[in-house]
Ligand code: NZQ
Ligand code: ZN
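Numbering (my numbering), first residue to last: 36 to 416.
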């Protein structure tokens with residue numbers, strides 16, 4: 036284990052009916068004006084919007100609506116939300132949605148209180164915000180674990196860039212599996228694959244192998260695979276959705292990263308692919324992972340062998356990778372770039388741009404060259 040300090044600022048309320056209980060305890064601690072932020076319509080359709088609004092109003096809060104946060108939230112949407120928060124003197128932000136809504140709100144929170152443009156501050160000056168409007172998260176689609184970390188993933192369209200911006204931690208997160216009941220099967224599986232990816236990417240970081248975090252990561256991977264398979268049998272299995280919801284939080288709340296370095300090279304490729312194509316995050320990862328792992332298999336053979344045994348019950352690294360590839364197909368997730376729902380046709384030219392602009396990770400099994408990133412991506416065409 037490397038040295039570490041660990042602290043946790045987010046209080047989690049998990050289970051059926053968690054919202055009523057959580058908000059009863061949390062709302063007395065927050066100011067009068069609450070921004071209720073959500074996405075493109077699912078919150079209203081599912082009835083969760085009315086439920087949350089009623090609870091807020093009964094608690095005497097003035098509700099400021101902020102809607103239309105899109106999947107893969109944009110920097111422009113962050114600025115719109117921050118302007119509204121300032122104009123209406125918002126005291127608290129309640130983000131209700133999947134990773135996109137939660138991420139957008141994390142950055143709205145800090146941008147609303149910062150004098151300067153947050154991207155210029157973080158990427159221009161290398162400074163990070165120290166204050167933000169307090170916020171809470173209500174998860175309606177799991178997978179990213181965004182509700183338990185402060186890193187938001189934002190698309191800056193003008194710069195053709197998708198990547199992390201440091202925002203606020205939610206002070207509390209509400210995880211009610213029943214709120215995910217209306218998420219379409221393909222989105223549930225895409226989100227769950229994102230969870231699996233987070234655990235795999237953390238596990239493959241270039242750290243010593245004697246690490247308790249690896250054991251936890253392998254458990255999360257195994258549990259994610261088991262519960263995704265349960266959903267293939269019955270998509271409405273709420274026990275499975277609940278397990279996946281906590282797998283999702285566990286995979287990206289920092290616990291798996293304790294005392295170790297991480298890889299996250301597949302994520303870097305997928306994020307930049309997202310900047311050009313706006314594709315679904317979990318589905319982009321499903322396409323990229325097998326090709327990436329074929330390239331680095333020999334650089335981390337012992338780790339891949341352990342992964343093969345403990346996650347898929349296979350004997351060696353190669354058969355573990357075959358099992359991962361077959362599992363992606365079994366789930367009906369995309370395996371080729373052409374199957375991603377992209378706003379533009381994915382051509383070798385676009386993939387060259389992705390390869391030339393994505394982050395290159397130094398703490399994975401091996402540092403890739405940009406040509407190799409391009410090779411990996413074109414193998415997915
Ligand atoms: O917009 P609405 O109408 O709400 O529809 C959403 C959206 O179309 C729908 N949805 C959400 N809850 C629903 C529902 N539909 C029916 N019933 C419900 N209860 O699901 C669709 C996808 O939502 P989105 O939030 O985009 O999905 P996800 O949770 O996968 O988030 C993806 C975003 O998170 C980033 C990704 O890059 C991407 O931008 N990530 C954030 C991370 C983090 N902060 O830690 C880590 C991840 O690696 C990831 O990069
Ligand atoms: Zn992810």
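Here a beta-carbon is modelled for each residue, glycine too, at the ideal position from N, C-alpha and C.
Alpha-carbon spacing of residue i relative to residue j, whole angstroms
i           : j           : result
residue 399 : residue 350 : 23 angstroms
residue 243 : residue 367 : 35 angstroms
residue 279 : residue 272 : 11 angstroms
residue 154 : residue 121 : 18 angstroms
residue 363 : residue 178 : 16 angstroms
residue 263 : residue 283 : 12 angstroms
residue 414 : residue 403 : 15 angstroms
residue 157 : residue 113 : 15 angstroms
residue 416 : residue 186 : 30 angstroms
residue 85  : residue 354 : 49 angstroms
residue 109 : residue 267 : 32 angstroms
residue 380 : residue 333 : 33 angstroms
residue 358 : residue 151 : 49 angstroms
residue 161 : residue 90  : 40 angstroms
residue 338 : residue 254 : 14 angstroms
residue 60  : residue 210 : 15 angstroms
residue 323 : residue 265 : 24 angstroms
residue 423 : residue 56  : It is not possible to answer for residue 423, since the shown part of the chain is limited to 36 through 416.
residue 188 : residue 291 : 19 angstroms
residue 79  : residue 365 : 32 angstroms
Cβ distance (whole Å) where residue i is taken to contact residue j below 8 angstroms
i           : j           : result
residue 313 : residue 378 : 5 angstroms
residue 215 : residue 83  : With 8 angstroms as the limit, residue 215 and residue 83 do not qualify as a contact, their Cβ atoms being about 10 angstroms apart.
residue 94  : residue 58  : 7 angstroms
Beta carbon of residue i nearer than 9 angstroms to that of residue j
i           : j           : result
residue 147 : residue 71  : no
residue 330 : residue 286 : no
residue 228 : residue 45  : no
residue 347 : residue 260 : yes
residue 37  : residue 401 : no
residue 67  : residue 88  : no
residue 163 : residue 218 : no
residue 39  : residue 247 : no
residue 42  : residue 107 : no
residue 159 : residue 129 : no
residue 390 : residue 256 : no
Proximal residues to residue i (C-beta, below 6 angstroms), its chain only, five neighbours per side dropped
i           : result
residue 315 : 225
residue 116 : 101 and 143
residue 249 : 238
residue 192 : 109
residue 62  : 94
residue 394 : 303
residue 198 : 306
Other residues of its chain near residue i: CB distance less than 7 angstroms, five sequence neighbours each side excluded
i           : result
residue 92  : 98
residue 360 : 325
residue 65  : 126, 127 and 169
residue 318 : 225, 368, 369 and 375
residue 236 : 297, 298, 299, 301 and 302
residue 166 : 148
residue 386 : 409, 412 and 413
residue 145 : 153, 164, 167, 202 and 203
residue 104 : 72, 73, 74, 112, 132, 135, 136 and 139
residue 352 : 332, 336, 339, 340 and 343
residue 289 : 184
Option in the options with minimal Cα separation from residue i
i           : options               : result
residue 370 : 347, 327, 348 and 333 : 327
residue 383 : 66, 69 and 311        : 311
residue 208 : 54, 395, 156 and 408  : 54
residue 356 : 373, 299, 386 and 321 : 321
residue 140 : 152, 181 and 235      : 181
residue 252 : 268, 231, 241 and 133 : 231
residue 212 : 185, 187 and 173      : 173
residue 336 : 111, 239 and 265      : 239
residue 411 : 161, 372 and 277      : 372
residue 183 : 254, 48 and 267       : 48
residue 258 : 345, 193 and 289      : 345
residue 222 : 40, 77, 395 and 394   : 77
residue 136 : 43, 73 and 289        : 73
residue 241 : 56, 63 and 396        : 396
residue 69  : 407, 281, 405 and 124 : 124
residue 51  : 276, 198 and 365      : 276
residue 270 : 304, 220, 245 and 281 : 220
Chain B contact for residue i (CB, 9 angstroms cutoff)
i           : result
residue 290 : Note that chain B does not occur in the displayed structure, where there is just one protein chain.
Neighbourhood of residue i by C-beta distance below 8 angstroms, restricted to the same chain and skipping five residues each side
i           : result
residue 392 : 195, 196, 307 and 310
residue 406 : 390
residue 81  : 175, 214, 216 and 217
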